[in-house]
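With this note's numbering applied, the sequence shown closes on residue 550, and no number is skipped along the way.
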Amino acid sequence: MSVESSSSAVQQPPSSSNLPLLGDNQVVATTSSASSASSSSTSSSSSSVGGGNVVGVPLDTQGSGEPPAKKQLLDGGGGGATSSSGSSLLSSAAAASGMHEKLAHRISNALCCAVCLDLPKTAMYQCQMGHLMCAACFTHLLADGRLRDQIATCPNCRVEISKSTASRNLAVEKAASELPSECQFCNKEFPYKSLERHEQHECQERPTKCKYHRIGCQWRGPYHETNEHERNCLHPQKSGYEVMAALEAHDDRIKEEKKMFNTLIDLLSYEKIIFNDLQMKPYRTDEYVHKLFYETARFSAFNQQWVVKARINNSQRDPHQSNERTITYQLILKTKTSTPMSIHFFALKGPFSDMKVSTQIYKHEFTETSTESEYYVLPLPDGIGGSGSSECNRMLANKGINFRLLMFLLNK
Numbered sequence: 139m140s141v142e143s144s145s146s147a148v149q150q151p152p153s154s155s156n157l158p159l160l161g162d163n164q165v166v167a168t169t170s171s172a173s174s175a176s177s178s179s180t181s182s183s184s185s186s187v188g189g190g191n192v193v194g195v196p197l198d199t200q201g202s203g204e205p206p207a208k209k210q211l212l213d214g215g216g217g218g219a220t221s222s223s224g225s226s227l228l229s230s231a232a233a234a235s236g237m238h239e240k241l242a243h244r245i246s247n248a249l250c251c252a253v254c255l256d257l258p259k260t261a262m263y264q265c266q267m268g269h270l271m272c273a274a275c276f277t278h279l280l281a282d283g284r285l286r287d288q289i290a291t292c293p294n295c296r297v298e299i300s301k302s303t304a305s306r307n308l309a310v311e312k313a314a315s316e317l318p319s320e321c322q323f324c325n326k327e328f329p330y331k332s333l334e335r336h337e338q339h340e341c342q343e344r345p346t347k348c349k350y351h352r353i354g355c356q357w358r359g360p361y362h363e364t365n366e367h368e369r370n371c372l373h374p375q376k377s378g379y380e381v382m383a384a385l386e387a388h389d390d391r392i393k394e395e396k397k398m399f400n401t402l403i404d405l406l407s408y409e410k411i412i413f414n415d416l417q418m419k420p421y422r423t424d425e426y427v428h429k430l431f432y433e434t435a436r437f438s439a440f441n442q443q444w445v446v447k448a449r450i451n452n453s454q455r456d457p458h459q460s461n462e463r464t465i466t467y468q469l470i471l472k473t474k475t476s477t478p479m480s481i482h483f484f485a486l487k488g489p490f491s492d493m494k495v496s497t498q499i500y501k502h503e504f505t506e507t508s509t510e511s512e513y514y515v516l517p518l519p520d521g522i523g524g525s526g527s528s529e530c531n532r533m534l535a536n537k538g539i540n541f542r543l544l545m546f547l548l549n550k
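What follows is the structure, given as structure tokens:
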């Protein structure tokens, strides 16, 4: 009985649960070296005789001998696997690009000025607590403090700021110069340090005038359209009468510049010429509302005593409430004179000064009854009408205004 049961057990085919399913990628593990060798020999003989599938080997690798992952890459027909890997690479690159842009944006926000919220174009200053201010806003705050007769403070932490307490932050300036910034004309990004050169000389979308604007053409458009416009511009075909009318305004400006140049040449031929390097210091009036003015110490010229006095916005009551700021100055004779004195004078940048001033010559006839000249505009280079607010703020931020005064006396 026991012999028959063992014989039947040997002749019974293996259960279907022990055989690998079609397309199954799992290899059947053997529990002993003897059974592994036996199954190996049995599989090879069945394969050679009946041409059946190899037991325990994945069907998708038969005939190629390549592992599944490599075979899918070589075939290219897997479709799903290939497209999914490609899309994952693209999504990873897009995610990295998005992270880079977000990082640059966060860094830009961290390095921007606390007042104007913009990256610095020149110098960047910081208060004692580390809050950042660009040079223009820093001088503007100092000028406001001077106009209000108050101590200038940081807009974030209200700590006192001055040229002696604040310091340059060179690391922020260098980092800001490397950050990408968008061109205002073509909207492309460039390193901040090269953005100005791109916008002024390289950008194809930068606004440009027609070369015939001197004869009246008012066209203004992107640089890449300039050649096309100039080929079709109608102003070169206009009559001489129409062209002359457009040139009159240009000639008037040239005449004014030439007149000033000739006047200066004539003044240099005068017998009595003198110059003084002066410094104007800030003071306050004794009125109910104290107004800021600047004044020099007395100095000698032509055997007389003189003083230069200046005021802000023509002694406006609250000049700190205005963004447009001008400096006007006058020449005052402090001693008596028995004969009239015709004086030409103008202010220049002196050897100990960093002010930026244009040349404008003024004249006044000093007599016993007229010892003060009118207030004349100190012509600063930036701004309209010879008055530059940013340069004015920079001068007000200093403890004094250094300049050179040239005076010419006309002998009668």
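Don't be surprised by glycine CBs; every beta carbon is placed ideally from N, CA and C.
query: Return yes when the Cβ of D415 is within less than 8 Å of the Cβ of R532, no when it is not.; result: no
query: Going by beta carbon distance, what residues of the same chain come within less than 6 Å of R358, once the five residues before and after it are set aside?; result: P345 and K347
query: Short check: CB of Y467 to CB of Y421, under 8 Å?; result: no
query: Please state whether DSSP places E394 in a helix, a strand or coil.; result: helix
query: Could you tell me the alpha carbon to alpha carbon distance between T464 and R449, rounded to whole angstroms?; result: 8 Å
query: Considering H278, what are the terminal residues of the alpha helix (DSSP H) in which it resides?; result: A273 to R286
query: Looking only at its chain, what residues have a beta carbon closer than 7 Å to the beta carbon of H336, apart from the 5 residues adjacent to it on each side?; result: C321 and F328
query: Determine the direct distance from the alpha carbon of R296 to that of S246, and round the result to whole angstroms.; result: 23 Å
query: In this structure, how does DSSP classify F399 when only helix, strand and coil are distinguished?; result: helix
query: Note down the Cα distance separating M479 from E510, rounded to an integer number of angstroms.; result: 12 Å
query: Quick check: the stretch 381-396 against the stretch 423-431, are at least 3 beta-carbon pairs closer than 8 Å?; result: no
query: Please list the terminal residues of the continuous alpha helix (DSSP H) segment that includes Y330.; result: Y330 to R335
query: Kindly indicate which residue of H351, A273, L471 and G488 has the alpha-carbon position closest to the one of M382.; result: H351
query: Just list the residues that DSSP pairs T346 with in beta bridges.; result: G359
query: Go ahead and label T260 buried or exposed: buried means 16 or more other beta carbons lie within 10 angstroms of its beta carbon, across all protein chains shown.; result: exposed
query: Classify Q498 as helix, strand or coil using the three-state DSSP reduction.; result: coil
query: Could you tell me the alpha carbon to alpha carbon distance between S319 and A248, rounded to whole angstroms?; result: 15 Å
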